[in-house]
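Visitor: I'd like to ask some things about the structure below.
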Amino acid sequence: MIHSKALLLLSCDFATAWNSRKLIVSNKRLLPILMDELHLSALVLSYSPKSEQAWSHRRWVINMIARNCSTLQWIIERESELVEKIAERSKMNYRAWNHRCWLVSFMTREQVLDELKKSRNWSGLHVADNSCFHYRRRLMLRNLEGFCYTQDNNSSGYFVETYQIWKEELDWNESLIKQYVGREALWLHRRFLSMYLIKHMATHLLAVSCQSKPKASVDIDIDSLMDHELCLVHSCSTTIADANFEDFQAQAIHSAAYMLWLTKQIPEYQGIDIQEKLRAGVGDVTRMLKRSCPDRSSLWDYLVGYHSEP
Amino acid sequence: MEYLATNDPYVLWNSLYERYGHLRSVILPNARSEWKPSSYKTLSVAVAIIVAINIVVAMAVAIIKVVDIIKIIIIYLVQQPASPPVSHAHSHSLLLRSPSYSHGLSTSHSLSLTAVSPTSPSFLKNSTSASPNRRWLRLLLRRFPTSVKLRPSLKFWLKWLKKVIKFSFAVVKPLPLTSLLLHLEMGELAADKHVKYIISVEKKKDSFESVVMEHLRLNGAYWGLTTLDILGKLDAVDEEDVISWILKCQDESGGFAGNIGHDPHVLYTLSAVQVLALFDKVDILDADKVSNYIVGLQNEDGSFSGDIWGEVDTRFSYIAICCLSILQRLDKINVDKAVEYIVSCKNLDGGFGCTPGGESHAGQIFCCVGALAIAGALHHVDKDLLGWWLCERQVKSGGLNGRPEKLPDVCYSWWVLSSLIMIDRVHWINKDKLVKFILDCQDMENGGISDRPDDAVDVFHTYFGVAGLSLLEYPGLKPIDPAYALPVDVVNRIFFSKK
């Protein structure tokens, strides 16, 4: 064990050393020893946060703990915090955030909602970090999955809460977009949110309203949602005030791409007037995109061509 | 002035009439006769001089361009001694693939090949050097419009001259090959330097860097040797030496380890099989033993573990499918389940993560798309959506990044590019700029390619840079297969000569 420790501190990706430790630990399976392993891997990660072997060792250890002991929830919370600390230092660390997403599959519903609240502040300070927004998406999807499985009397209450969460996320995202100009990660998050809201929540509403009385506050009006989105896109694309600042240009490009995304994701059965509104905006948008982003002009052509053939 | 002084209108009239008569009869014909011959003379001389200058300049430009074309042809021929034209081999391999692959690729690839125009590097757009010449010509011709009232013979002569000028410029119009001129200006691939760098890395077994990387030396061998093969210099290494070392890395379970005495893992198993394929020595392996090792790593949901310790990742699915395909034992695993698992890792943006619900990452996307391509299941991929995500990876400098908001890196020029080629959306990125970016990342003094311009070089990025250039049909490089990540002739040898 001592030898492998020394080896690992030198060359953190030395898989054979990690494997020998796993071999020894798997013979004993006591909690303190497993915690020891977690400490060692945390130490290794503190100086090389992208070490794949260290992260996979942690997962193996947690799997062992999950089989034997019951302190899983507490461990998961600690893991989440550790990942956040590491992510602070090494931006968009794929392995770290992947580990955190892996933890989500062990979380209960309360924990999921708790995590969403806790990570919100952090995400707000790290708007260029696409991975943390992906983590939030994972949490929200997990929440939605939970809803799909509980089709009982509580479902409408659950649904309202879920819808509230999504709506809040959309509003918060909008405020961030306006505040931090030209951040791609925010726009990508918005793409996901609006697409899910339109595609899936609308169908759920139909299913739920058949069972119970539809509450007035949960009236998902697709039209007003689309209007709102179009307003946002317009306000962002017209601020190409300063060609020197790349931010504004990036903002315009991203908002235009977002609009093209919306046109492709709207299901066909939605109202014709929405289609008309979208089609009207598409021409200007593609012209602007071609001017500012000529490398992808064949993509813009293809998307517009696709759009015009219903 | 004197007319104002005269009071008598009759006197005034007479003197004015006299003056008019004098002007009409004497001065006017004089002026006419003086002007006519000189005007024609000077005009004709001027036209002759300008046209002569024009023709001389056009001929000079033509000679310069012809000399350059000859230079390029010589370089082209010297760099590629005996192999067939680059793109032809590329197309040959991709269309005549084993049934599983071609099912997924044949229709889409025929389109991609026409898009990438085999005869010339069409990614280099028609040069803009033509237009200044033409504009100048137009302006020149406009100065002497044929509608001027000249003698008919002069008019005819001028028209004919204009035709000659136009013709001379038409001859000098940029031919497709002269677009290669542009590529010369971009900077060249210092192939010899890179070969020297790789050989030096292979020889240095005691330096600190090689000791720290000791556990993945087999991967390093694959990167280095494939790069040498693409550059046509695989004979620079001792084949026997390499193969005997690889065989020593094999574990009793059938898998290969990163180096002698280490634990086996699929990553190194694939590298070992690939390196043996480069040397055409796959048959010295006990194919069943190796494939049994891999088959034993498939889980119930179709995913693959990396080794006995159970870490699951879509990369391992790609490795399993690719390795078994090279060993021609793909039927030993449950391919449908494996495909099902990969499809479950698809995200809403069209990309793939390392596990279901994982963030889309260019490397993972390459693995998933490659695995689906080899298994003949590319129809599961939403090509438009994925193509959109992938082409958004190109940043302003021309390089490609791996995820949104990240810096460009040369290794992604392989992963993103090969994925785009497999789904036939490569025309959605700007290939010129990408070539320029990769060439900028070279270390022109010591050889090797780094991840970004002016960073430290390593074998990993050298391999991906050269492989990326090969996919972009850079002249002088062997074509490489986007799914197997091996040169096309090696893949053809595996599938078409053994059967």
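In the order they appear, the protein sequences are chains A and B.
Residue 96 in UniProt numbering sits at position 96 of the first sequence, with consecutive numbering throughout.
Residue 364 in UniProt numbering sits at position 364 of the second sequence, with consecutive numbering throughout.
For glycine and all other residues, C-beta sits at the position ideal for the given N, C-alpha and C.
Keep in mind that this is a model prediction, so the values were computed, not measured.
#1: Using a Cβ cut-off of 7 Å, pull out every chain A residue sitting near B:Trp428, in sequence order please.
#2: Going along the chain, which residues of its own chain have a beta-carbon closer than 6 Å to the beta-carbon of B:Pro356, five neighbours each way excluded?
#3: Going along chain A, which residues have a C-beta under 8 Å from B:Glu405?
#4: Judging by CA-CA distance, which residue of B:Pro453, B:Leu234, B:Asp349, B:Gly353 is the nearest neighbour of A:Gln265?
#5: Check the DSSP bridge columns for B:Gln442 and list the partner residues they point to.
#6: Would you kindly work out how many angstroms separate the C-alpha atoms of B:Ile438 and B:Val410, rounded to a whole number?
#7: B:His262 lies in the alpha helix (DSSP H); which residues open and close that run?
#8: Of the residues that make up the segment 34-66 of chain A, which ones have a beta carbon closer than 8 Å to any beta carbon in chain B?
#9: Measuring alpha carbon to alpha carbon, tell me which of A:Phe14, A:Ile177, A:Asn93 ends up nearest B:His215.
#10: Out of A:Met140, A:Ile65, A:Pro32, which one is the CA nearest neighbour of A:Glu161?
#11: For A:Asn143, which of A:Asp129, A:Ala96, A:Val104 has the nearest alpha-carbon?
#12: How is A:Ser212 classed by DSSP in three states: helix, strand or coil?
#13: Residues of chain A with CB under 7 Å from B:Trp309, in chain order?
#14: When you compare only the Cα positions, how much space is there between B:Asn14 and B:Glu34?
#15: For B:Cys441, which of B:Asp432, B:Thr462, B:Asp424, B:Val51 has the nearest alpha-carbon?
#16: How big is the Cα-Cα spacing for A:Arg100 and B:Asp489?
#17: Report yes if the CB atom of B:Val416 is closer than 8 Å to the CB atom of B:Ala362, and no otherwise.
#18: Expressed to the nearest angstrom, what Euclidean distance is found between the alpha-carbon atoms of B:Asp382 and B:Glu473?
#19: Under 8 Å Cβ-Cβ, which residues of chain B neighbour A:Met195?
#20: Quick check on the burial criterion: 16 or more other C-beta atoms within 10 angstroms. Buried or exposed for B:Phe460?
#21: Quickly, what does DSSP pair B:Leu400 with across the bridge? List them, please.
#22: Of all Cβ atoms in chain A, is any one closer than 8 Å to the Cβ of B:His90?
#23: Beta-carbon within less than 8 Å of B:Cys354's beta-carbon, same chain only, minus the 5 sequence neighbours each way: which residues are those?
#24: Going along the chain, which residues of the segment 208-220 of chain B sit with their C-beta nearer than 7 Å to a C-beta in chain A?
#25: Which same chain residues, not among the five before or five after B:His103, have their C-beta less than 8 Å away from its C-beta?
#26: Which chain B residues are close to A:Asn98, counting only those with a beta carbon under 8 Å from its beta carbon?
#27: Quick check: the Cα distance between A:Ile177 and B:Gly255, rounded to an integer number of angstroms?
#28: Output the boundary residues of the alpha helix (DSSP H) element that contains A:Gln53.
#29: Assign B:Lys204 to buried or exposed, taking buried as 16 or more other Cβ atoms, counted over all protein chains shown, within 10 Å of its Cβ.
#30: Could one say the Cβ of B:Lys433 lies closer than 8 Å to chain A's Cβ atoms, at least one of them?
#31: Could one say the Cβ of A:Glu309 lies closer than 8 Å to chain B's Cβ atoms, at least one of them?
#32: Touching or not, the segment 52-68 of chain A and the segment 107-117 of chain A, by the rule of three or more beta carbon pairs under 8 Å?
#33: Can you tell me where the alpha helix (DSSP H) with B:Glu188 in it begins and where it stops?
#34: Considering only residues of the same chain and omitting the five flanking positions on each side of B:Gly212, which have a CB-CB separation below 6 Å?
#35: Using 8 Å as the limit for Cβ to Cβ distance, is A:Phe192 near chain B?
#36: Pick from B:Asn430, B:Lys155, B:Gly358: whose alpha carbon is nearest that of B:Leu390?
Guide: The relevant details are as follows:
#1: Arg296, Ser298, Leu299
#2: Ser344, Cys345
#3: Ordered by position in chain A, the residues that pass the 8 Å Cβ test against B:Glu405 are Met92, Ala128, Asp129, Asn130, Arg183, Glu184, Ala185.
#4: B:Asp349
#5: Note: B:Gln442 sits in a beta bridge opposite B:Ile449.
#6: 6 Å
#7: Run containing B:His262: none; DSSP gives neither H nor E here.
#8: Ser56, Arg59, Trp60, Asn63
#9: The candidate whose alpha carbon is nearest that of B:His215 is A:Phe14.
#10: A:Met140
#11: A:Val104
#12: Low local confidence applies: a pLDDT of 49 at A:Ser212 is under 50, so the model's placement there is unreliable, with the coordinate-based value given in what follows. Correct three-state label for A:Ser212: coil.
#13: Within chain A, the C-beta atoms nearer than 7 Å to that of B:Trp309 come from Asn19, Lys22, Trp60, in chain order.
#14: 29 Å
#15: B:Thr462
#16: 43 Å
#17: Yes.
#18: 26 Å
#19: Here the neighbours are Leu348.
#20: buried
#21: Beta-bridge pairing links B:Leu400 to B:Gln394.
#22: Unreliable placement is indicated for B:His90, whose pLDDT of 41 sits below 50; the coordinate value is still reported in the next sentence. It does not: the Cβ of B:His90 has no partner Cβ on chain A nearer than 8 Å.
#23: Asp313, Thr314, Arg315, Cys345, His361, Gln364
#24: Val212, His215
#25: Low per-residue confidence applies at B:His103: pLDDT is 35, beneath 50, and the placement is therefore not dependable enough to give any value.
#26: Gly353, Cys354, Thr355, Gly358, Glu359
#27: C-alpha separation (whole angstroms): 50 Å.
#28: 52-68
#29: exposed
#30: yes
#31: Summary for A:Glu309: the model assigns pLDDT 46, below 50, so the residue's position carries little reliability, and this model does not support an answer.
#32: no
#33: Run containing B:Glu188: none; DSSP gives neither H nor E here.
#34: In the sequence as displayed, the identity of residue 212 of chain B is Val instead of Gly. Excluding positions up to five away in sequence, the list is empty.
#35: yes
#36: B:Asn430
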